[in-house]
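In the numbering used here, the protein residues as written are 34 to 200.
Below, the structure written as structure tokens:
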């Protein structure tokens with residue numbers, strides 16, 4: 034039996050990913066490269082283990098993530114984004130751009146949103162290709178230099194270092 038409240042596209046999207054913790058798990062996988070339960074548990078926002086387990090199960094049931102045994106460690110599970118999950122990157126980029134514009138976002142935590150906004154659809158598409166390679170095993174076009182995630186991390190670290198020099 035279908036438990037959706039309505040056929041509205043926004044409602045259906047919110048039913049799949051609309052709670053805070055689900056979006057933060059997806060954020061940490063996309064921007065932080067986190068793939069294991071313990072890595073995701075250590076998010077800055079302090080998710081509890083039972084909530085994380087529930088959200089991972091729900092996101093897997095929804096087809097946004099897959100779960101598999103980690104070949105590098107027999108007792109660990111590795112989570113991967115599906116194409117459906119990767120396609121949430123532009124949604125998260127738009128949400129972060131809105132947050133930078135309308136909320137008191139710190140400079141260091143807003144730099145990624147600024148770079149994604151400034152880079153536009155081409156940068157987002159490049160990042161999605163890199164995520165497809167990482168999570169789905171699809172070869173991405175080889176580029177010289179840093180990956181998009183590495184560029185975003187380097188910009189974050191530069192802002193943190195600059196603020197440290199000012200302090």
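From the three backbone atoms N, C-alpha and C, an ideal C-beta is built for every residue, glycine too.
The C-alpha of residue 73 lies about 23 Å from the C-alpha of residue 149.
Nearest neighbour of residue 129 by Cα position, chosen from 108, 109, 151, turns out to be 151. With a cut-off of 8 Å on Cβ pairs, the stretch 183-200 is in contact with the stretch 137-149, counting three or more such pairs.
In this model, residue 110 and residue 174 are separated by some 28 Å (Cα to Cα). Residue 157 carries a helical assignment under DSSP once its states are collapsed to helix, strand and coil. Contiguous beta strand (DSSP E) elements confined to the stretch 82-127 occur at 98-102, 110-114, taking only those with 3 or more residues.
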